[in-house]
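*Asks:* Chains as they are written, first to last, in my numbering: chain A, 220 to 559; chain B, 220 to 559; chain C, 220 to 559; chain D, 220 to 559; chain E, 220 to 559; chain F, 220 to 559.
We put the beta carbon where it would ideally sit given N, CA and C, even for glycine.
Structure provided below as structure tokens; questions to follow.
6 protein chains.
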Amino acid sequence: MIASQSRIWTPLDFERDGKFVDYLRLPHSTDRSAYGCIQIPIVCIKNAIGPTALLIAGNHGDEYEGQIALMNLARRLTPREISGRVIVLPSANFPAVKAARRVSPVDAGNLNRSFPGSATGTPTEMIAHYISTVLLPMSDIAIDLHSGGLSLDYVRCAIIRPGRTSEEHQELLELLRVFGAPISFVDSSQGGGGGGGATTLNAVARSLGVPTITTELGGGATVSPAGVQLAEHGITRVLKHIGIAPNLAGEERAGTEFMDYAGRDSSIYADADGIFEPAALVGQEVFEGDLAGRLYYIDDPTREPMELRFRKSGRVECRRFPSLTARGDCLYTLMLPTVV
Amino acid sequence: MIASQSRIWTPLDFERDGKFVDYLRLPHSTDRSAYGCIQIPIVCIKNAIGPTALLIAGNHGDEYEGQIALMNLARRLTPREISGRVIVLPSANFPAVKAARRVSPVDAGNLNRSFPGSATGTPTEMIAHYISTVLLPMSDIAIDLHSGGLSLDYVRCAIIRPGRTSEEHQELLELLRVFGAPISFVDSSQGGGGGGGATTLNAVARSLGVPTITTELGGGATVSPAGVQLAEHGITRVLKHIGIAPNLAGEERAGTEFMDYAGRDSSIYADADGIFEPAALVGQEVFEGDLAGRLYYIDDPTREPMELRFRKSGRVECRRFPSLTARGDCLYTLMLPTVV
Amino acid sequence: MIASQSRIWTPLDFERDGKFVDYLRLPHSTDRSAYGCIQIPIVCIKNAIGPTALLIAGNHGDEYEGQIALMNLARRLTPREISGRVIVLPSANFPAVKAARRVSPVDAGNLNRSFPGSATGTPTEMIAHYISTVLLPMSDIAIDLHSGGLSLDYVRCAIIRPGRTSEEHQELLELLRVFGAPISFVDSSQGGGGGGGATTLNAVARSLGVPTITTELGGGATVSPAGVQLAEHGITRVLKHIGIAPNLAGEERAGTEFMDYAGRDSSIYADADGIFEPAALVGQEVFEGDLAGRLYYIDDPTREPMELRFRKSGRVECRRFPSLTARGDCLYTLMLPTVV
Amino acid sequence: MIASQSRIWTPLDFERDGKFVDYLRLPHSTDRSAYGCIQIPIVCIKNAIGPTALLIAGNHGDEYEGQIALMNLARRLTPREISGRVIVLPSANFPAVKAARRVSPVDAGNLNRSFPGSATGTPTEMIAHYISTVLLPMSDIAIDLHSGGLSLDYVRCAIIRPGRTSEEHQELLELLRVFGAPISFVDSSQGGGGGGGATTLNAVARSLGVPTITTELGGGATVSPAGVQLAEHGITRVLKHIGIAPNLAGEERAGTEFMDYAGRDSSIYADADGIFEPAALVGQEVFEGDLAGRLYYIDDPTREPMELRFRKSGRVECRRFPSLTARGDCLYTLMLPTVV
Amino acid sequence: MIASQSRIWTPLDFERDGKFVDYLRLPHSTDRSAYGCIQIPIVCIKNAIGPTALLIAGNHGDEYEGQIALMNLARRLTPREISGRVIVLPSANFPAVKAARRVSPVDAGNLNRSFPGSATGTPTEMIAHYISTVLLPMSDIAIDLHSGGLSLDYVRCAIIRPGRTSEEHQELLELLRVFGAPISFVDSSQGGGGGGGATTLNAVARSLGVPTITTELGGGATVSPAGVQLAEHGITRVLKHIGIAPNLAGEERAGTEFMDYAGRDSSIYADADGIFEPAALVGQEVFEGDLAGRLYYIDDPTREPMELRFRKSGRVECRRFPSLTARGDCLYTLMLPTVV
Amino acid sequence: MIASQSRIWTPLDFERDGKFVDYLRLPHSTDRSAYGCIQIPIVCIKNAIGPTALLIAGNHGDEYEGQIALMNLARRLTPREISGRVIVLPSANFPAVKAARRVSPVDAGNLNRSFPGSATGTPTEMIAHYISTVLLPMSDIAIDLHSGGLSLDYVRCAIIRPGRTSEEHQELLELLRVFGAPISFVDSSQGGGGGGGATTLNAVARSLGVPTITTELGGGATVSPAGVQLAEHGITRVLKHIGIAPNLAGEERAGTEFMDYAGRDSSIYADADGIFEPAALVGQEVFEGDLAGRLYYIDDPTREPMELRFRKSGRVECRRFPSLTARGDCLYTLMLPTVV
């Protein structure tokens, strides 16, 4: 490839002590602004010697708990509370955040399906590339805060990918315990229903050896106060744990329950277009054969709705949020308790 | 005006005994179908002599509780259970329903701002005109089932406009008591935050002397099971009450609480773009000066979020559902107990 | 209404002898041209004393036989061949013609559903208003050339609305015989499948007492050479017949067959989305119960396709042209022989 | 019509002394905000007894000199400097202003072609209706500040419509002299190239008997400092003249030159698509036969460009600004000196 | 590249005997469905031991004869009629099929210009990649059924690319004879007018050593019954020939005529925008200098239309179907008899 | 990569003496034209033996001075005036030129951010690839004419990239002197505000060893006559200088001033959305702390506008042209005198 250095730049100096708020400037030459930039807010808080934590939200623009938690943290955290560096990117795919969308309105890019990105690609690919080649390499730990977004309601949880060595794996499991989400996942291969595989931030971070936690904190286009709180407490505990903010006051961690994704065959997909009336809640225990919901046929109001039944037993990990549903939409994924 | 007779037609014969499911055919001549129709499902159940009830949902396409309740009713109700006629229009603005939108994708029309409609107007105006000139004139009572839709979370309630005479008003209040929603409103003039005034179905029905109830049954793009149940039970009670289905088994009505909209000055509008973190729930009692929520500035993550406080005391009637908010969005309307 | 005089103007002088080619200038103030116009070509050929014929094509932009016939006529006809005036508007809804669409890309307007139009309305309504208030009132006869367009294949025919008096009716029937299409229709009220009613050019011309013929000359987005030829010969015969061009060489007329639209109940509409495989040709005689076609389900390739059967006997007047079909599309209309 | 009272409301009290900044709230019920408003900024400055001046800019969203001048005025003017009332609407078609467009992105409405508007129409029509039925009736004088916008470069001028009586006419001419633009127009009937006729603010104001000046202050999507200055000085002089701000410091007026639009036949329209290379400047004197510009054919680079020549003598009133031009665009209008 | 394994998956087991109908699930994470899939129907019919035939239609979504033929085949063919395996993909670029478009509405992708595809690319690229890396490698023969689609009318024909060895070439020629289209082509390098080169399914199949036939079966947005029939008979003959369905009843093959594309210089392109009136039919023999058609100028109705003449002699292979034409559109390609 | 030979072809023979006007045919297979082409005009003028000059405009479609200059040159220059070859591509990104846009409406491609392009990419990438692999390799010199376009007003200047050797550098500096723009730049690495880096035509030309000049000739969506003239004179002088047209009459060159881009830190970006009122002109000398302009807040008309001040001293190289501005837009870049 011809260009491998990011064209994104910032006046912010990551090596300087203090708290600095500035922008990543992503050159975006358009009809209406030939020399225009997409300005992505970034905050760097640094003091003394210590590890670097990279905190990201707005990877998908329609997931709000993490965005609020990181804006609160960026506002409140002071350099003198830390030893090391905290880099906060509260709205990573900034155009998607401004548009309340999962994907960017500029290039239809889904940031978490765009890693490791490209220096000469679309804006979304350039953001992925900057995170992969600039931010992650400076980091000792990364937390990427997701939620269910517009289309999913999600159990509150934290997720790791399996460590590449047994030692790394134990370290990641410990991070999950410290973060203290009600549910913790070890996501082997392709995750729940997302199937992002190697194109996610987490996958790239893993290949770079940066321990990384992602989360799911709520969903449905709105804000879950419990999700915001979990993000704030979990991050605080992790910053203490890795020694960046050893004296920060924080909530005691609660126990977490380790779960496994119950497998692709336990997911339920819509086999027709229609109005989805769900019959189970996120987190609920369900049994094979239980009613999962009904799909009503808009064109044929007196036709018996399609009854959907669970094909396996388990607990509901996530559920489609909006009622109107198209063939192919994922309606449920299930999870199962596991021992780690 | 040149044409005042509806161009919408249907093979369905409203005068025939039995249950018939067919379509309103709205001629819609487009590039892709010169002689095409929009087919709007309609069900007519008729038997013996008795009054006519017109049941409508999908006036706004993104409001689901009523649509599900009416599809269930249309499927289950048999002619021999009734004396009279039940006309069911479960997806009145059909193109909006298919698109999961409040307004029609065909003409951007908001059906409940398009009454009394026009025979030669846009498809949405033609639907309003058909309801105004064909369906309402055949009806002795009308129920128009709304919910909060994508953008609002709404207290479960039923609503009337004030009767034009004291007698009519008492009859309408009695209908509210029979319907049995937890909350009942008498909406004078312009309603809550909607301001539809004379352009709503209810306003036209009132001018025609057809007693009409509307509802709000949930919101937020998803289905509220309690809202579906309320619609089903409330309609059943009304059908019994007016003598169409005197022997239908039905749930006892619960008491209803009469409320008034607390006035335009008690509503809270967003004065900036941002992420809205609400601090009060629908139905909750709030006091002047209480925190209503915060608006976070995406462009300036470390700027103190704008604190929004209630300007009056009351109870929350509805609340904005999605987090991303633009200047001018209504965030809350309040209601106050009243004596009828 | 405030403004009733057309804002459309033209430098062309309709009272001057000779052949003049110019534009109707429709003021269209847009972002890209505050004082811009839509320029609609118009040709006026005038000589001596005699009646005025108004010849129109491009009422729908995707119907080509009439457009070609009128461009040929406007190019070839010389003033000295006529006594009277021939006004040619070969692309009446000019923006629709440029876009190869039935409706205008500027305002989504279907010109033949926009009569009598409005002086202050959308561009399509302004064109309808100009034809209604300026061109038709100068005319002694009007011919409005249609075809099936993108979505229909149509039997070659000419159409009148019933005369308002018996004398007028006989005059119109004679015009049909002179025009000499293979099939001639008397369209009472709402026409075949179009249902334009009072909003068509023909309806307005009738109310103004201008004898008017419309045609259908082919269809399917392409040009039918036989349709072009019929338009050229038919117009020549009519110009001779009414004395404008008594000496013009022309083809002898063939006999025409008078037909009636077989009624709304004989039309076939698609009751599902799918791929339409037709089983009968335009003009073909069909019998009740005959196979009309099949609808294949794209989502369920092994599901038996829906068989569509004719519900009445008759001959095929028009048939849907494109394969992909949506619920509500008209697939066939039928016609029946009649005595006039 | 059913509804004639505006649905637009504002917390601002026009009768209260002081300076108040608030919003017109235009209910705009959309998919993303069922109870949402378009918030149009409005400023009211009132003190003691005296006449009311209504100052408007942003009638077209892409015209900036007036918007800046009114924001400056609204910021600087204090109640104690005036006797009477100054109502400032600096961005009348607010959605168009936010979008840098002549017309509204919400409904494609051109506000100055939408008067007198409609209480139940599109947002643009509702704004026109509010100005026509609420703001103009409170006003003793109105100034509506326009410029050439994106597509035109315009001579700096002020414009009146002819008074309905000789006395009214003299009063309006005196206002033009006081305003003191380099050029002053009396616009009979249809104005320069715009042809707005009865659908403009000025036409409605005239029918209500409110003396009204409009202006053209620059053009081409950018800001003319001289245009901003003219607006500020002209308004100040008018406010002094009518007694609202008798002591306000202001620039002496310069003499104005009275001109007439040279007539539709002197305008030059593009007769082909192409790149327009102009040969005359705004304000320049030109003679019949002079080169006006060239149109280059993009598809045929070696084809001789079309030479455009002036068809009459006069001075250039306005000229198309952007190079790329479509058939029908107005390239020039001319003006001629006149005696008033 | 990071990810080379397809993210498309299916519950269908290609190794199991019987007939199974299921979907390819292509993960497509969007605003409206974070874990959504595009579900592409696939049918697998397997029995005993024998070769595998891959049958594809809907490579371009607007080409219908192949889609209908494969749905009929998939419905009718039973496992006990075969020895081996028949994999049927009747709507390969499923989103394009649903939209009646050549290219996908999801990513504007033209599937037959997207080979060999990409595991991490757009949905269209992912489909190409799945066919290239999963389906073709399991196949002993492939048939990819095309037609002219919306924009072309095509002679009925079958096409191969030249074999890589003389033996392979003879085998492919024999397949053409067995398939039995009226016309057979050997397409060296870039095909007729399409110029897809190495980016087509056929090119990739060739590089994998899978003998492949493509077809053209009609065109113009509608269904050609003769094209459907040819596809059904041709496929049946091929399945018999290669031993998968030796006892299937089938039509005798007719002789085929071998033709060569007459070369780029014999094609006719539109040199102006206009309405295209063609003068020759598909399959017709034409001579250098013959009239090919006329282009009418919409803006200048009395301008002499541009006459297009054939530049070489030959027979018409395909012809533009729609009338409205833009500069650069291919109007005709020619073919010439050849000896194989 | 699989395909590295361009799929763009042309009937034009670059090796033939004479002047030939033809098209590059870029195969663009779309819904509306399966075998369609984008036809990009190209002119080749050749005579005797001598070097080849490649002259390009319309790299960005909204930059007009170069397009006009090259159309004039292509029309006027005759083969007998030259020894060698002049290849003229006056509208390189042809779809962008037709749309008056910087980027292509077909694929949103910015041609000067798409080099070296791709043979199988989007149309814009295919054009870049054709220039990189076909046109530049035939050329001894290239001139790529830019202007500020819609969004920038630019000082008239010519630009080189530094030579790869001292000798090459001297040759390029001499070309700048010969071209004779008022200002000359040596653009190291990333240019002014554009940041195109390795993805520009100039960068690829440099890597191929083709001496290349680019220009900026005006801006703001309109034509600068002085810019057209500079292009015409500068090109004539260069053609004389390199011996292609030694006897062409031409204007004497004026002296040029060598400048350096003042660095990223001297640029001014908008830190808020608003209306930009500039305070300095292109070419003007400014000092640190001088007022650069004001940003007015549309939503808050009485809020004090944001004052923007220059952060360094220098001269204005370019300035944002349109008033309405979004956060991230570049408002000014500065330049400084330099010694070469």
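Count the other C-beta atoms from every protein chain shown that fall within 10 angstroms of the C-beta of Q503(D), then say buried if there are 16 or more, exposed otherwise.
*Replies:* By one-based count along the fourth sequence, residue 503(D) stands at place 284. Exposed, because fewer than 16 other Cβ atoms sit within 10 Å of the Cβ of Q503(D).
*Asks:* Find out if the Cβ-Cβ distance for the pair I362(A), L395(A) is shorter than 9 Å.
*Replies:* For the purposes of this step, residue 362(A) is taken as the residue at position 143 of the first sequence. For the purposes of this step, residue 395(A) is taken as the residue at position 176 of the first sequence. No, these two residues do not count as a Cβ contact at 9 Å.
*Asks:* Sort F334(B), A377(B) and E282(B) by Cα distance to H452(B) and report the nearest one.
*Replies:* Here residue 452(B) refers to the residue found at position 233 when the second sequence is read from its first residue. H452(B) has its Cα closest to that of A377(B), out of F334(B), A377(B) and E282(B).
*Asks:* Can the beta-carbon of T339(A) be found less than 9 Å from the beta-carbon of S323(A)?
*Replies:* Position 120 of the first sequence, counted from the first residue, corresponds to residue 339(A). Position 104 of the first sequence, counted from the first residue, corresponds to residue 323(A). No, the pair does not count as a contact, with Cβ atoms beyond the cut-off.
*Asks:* DSSP three-state label for G410(E), please.
*Replies:* On the fifth sequence, position 191 is the one that residue 410(E) refers to. Since pLDDT at G410(E) reaches only 46, below the 50 mark, its modelled position is unreliable, and the value read off the structure follows with that caveat. Note: G410(E) maps to coil in three-state DSSP.
*Asks:* Buried or exposed, going by whether 16 or more other CB atoms sit within 10 Å of the CB of G410(A)?
*Replies:* In the first sequence, counting from the first residue as 1, residue 410(A) sits at position 191. With a pLDDT of only 46 at G410(A), under the threshold of 50, the placement of this residue in the model should not be trusted; the figure read from the coordinates follows. Result: buried.
*Asks:* If you run the structure through DSSP and keep just helix, strand and coil, what is D484(C)?
*Replies:* The residue given as residue 484(C) occupies position 265 in the third sequence. The three-state secondary structure of D484(C), taken from DSSP, is helix.
*Asks:* Do you know whose CA, among I259(B), D359(B), S225(B) and S333(B), lies nearest V457(B)'s CA?
*Replies:* Sequence index remark: in the second sequence, residue 457(B) carries index 238 (1-based). The residue with the shortest Cα to Cα distance from V457(B) is D359(B).
*Asks:* Could you give the first and the last residue of the continuous alpha helix (DSSP H) run that contains Q258(E)?
*Replies:* Taking the fifth sequence and counting its residues from 1, the one referred to as residue 258(E) is at position 39. Premise fails: Q258(E) lies in the beta strand (DSSP E), C256 to N266, not in any alpha helix (DSSP H).
*Asks:* So the alpha helix (DSSP H) S385(D) belongs to, where does it begin and stop?
*Replies:* As a first step, residue 385(D) must be located in the fourth sequence, where it is residue number 166. S385 to F398 is the span of the alpha helix (DSSP H), which, as asked, contains S385(D).
*Asks:* Verify the CB distance criterion: does G411(E) have a CB-CB separation below 9 Å to chain F?
*Replies:* Walking along the fifth sequence from the start, residue 411(E) turns up at place 192. In this prediction, G411(E) has a pLDDT of 45, which is less than 50 and means its spatial position is unreliable; what the coordinates show is noted afterwards. It does: the Cβ of G411(E) has a partner Cβ on chain F nearer than 9 Å.
*Asks:* If I measure Cβ to Cβ from A267(B) and keep anything under 6 Å in the same chain, skipping five residues before and after, which residues do I get?
*Replies:* Along the second sequence, read from residue 1 onward, the residue named residue 267(B) stands at position 48. If you ignore the 5 residues before and after A267(B), its C-beta comes within less than 6 Å of the C-beta of S302, all in its own chain and listed in chain order.
*Asks:* Since I believe A293(F) is in contact with P270(F) (beta carbons under 8 Å), could you give me their beta-carbon distance rounded to a whole number of angstroms?
*Replies:* Counting from 1 along the sixth sequence, the entry for residue 270(F) is found at position 51. Counting from 1 along the sixth sequence, the entry for residue 293(F) is found at position 74. Not confirmed; about 18 Å, so no contact.
*Asks:* Helix, strand or coil for I379(F), going by three-state DSSP, please let me know.
*Replies:* Stepping through the sixth sequence from its first residue, residue 379(F) is reached at position 160. I379(F): strand per DSSP, three-state reduction.
*Asks:* If you pair each beta-carbon of the stretch 475-482 of chain F with each one of the stretch 540-556 of chain F, do three or more pairs fall below 8 Å?
*Replies:* yes
*Asks:* Out of L243(A), A498(A), R332(A) and D518(A), which has the shortest C-alpha to C-alpha gap to D509(A)?
*Replies:* The sequence position of residue 509(A) within the first sequence is 290, counting from 1. Per the Cα distances, A498(A).
*Asks:* Return no unless some Cβ of chain E is closer than 9 Å to the Cβ of A315(D).
*Replies:* Taking the first residue of the fourth sequence as 1, we reach residue 315(D) at position 96. Chain E contact via Cβ: absent.
*Asks:* Which one or two residues does DSSP pair with K238(E) in a beta bridge?
*Replies:* Working through the fifth sequence from its first residue, we reach residue 238(E) at position 19. Per DSSP, the beta bridge partners of K238(E) are I264(E).
*Asks:* Is there a Cβ of chain B sitting closer than 9 Å to that of P381(C), yes or no?
*Replies:* Position 162 of the third sequence holds residue 381(C). Nearest CB-CB separation between P381(C) and chain B: not below the 9 Å threshold.
*Asks:* Let me see if you follow: with CB-CB separation under 9 Å, is A440(B) close to chain A or not?
*Replies:* Start at 1 with the first residue of the second sequence, and residue 440(B) comes out as number 221. Interface criterion met: the Cβ of A440(B) is under 9 Å from a Cβ in chain A.
*Asks:* Can you confirm whether V322(E), when its beta carbon is compared against all beta carbons of chain C, has any partner nearer than 9 Å?
*Replies:* What you label residue 322(E) is simply residue 103 of the fifth sequence in a count that begins at 1. Chain C contact via Cβ: absent.
*Asks:* What does DSSP give as the partner residue(s) for F540(A) in the beta ladder?
*Replies:* Counting from one through the first sequence, the residue named residue 540(A) turns up at place 321. In the DSSP output, where bridge partners are listed per residue, F540(A) has none listed.
*Asks:* Closer than 6 Å by C-beta to K265(C): which residues in its own chain qualify, once you throw out the five before and the five after it? Chain order, please.
*Replies:* Here residue 265(C) is taken as the residue at index 46 of the third sequence, counted from 1. The residues are D236 and R304.
*Asks:* Opposite M345(F) in the DSSP bridges: which residues?
*Replies:* Within the sixth sequence, numbered from 1, the residue matching residue 345(F) stands at position 126. According to DSSP, M345(F) bridges with nothing at all.
*Asks:* For R546(D), go through chain E and note every residue whose CB falls closer than 7 Å to its CB, in chain order.
*Replies:* By one-based count along the fourth sequence, residue 546(D) stands at place 327. Going along chain E in sequence order, the residues near R546(D) (Cβ under 7 Å) are D518.
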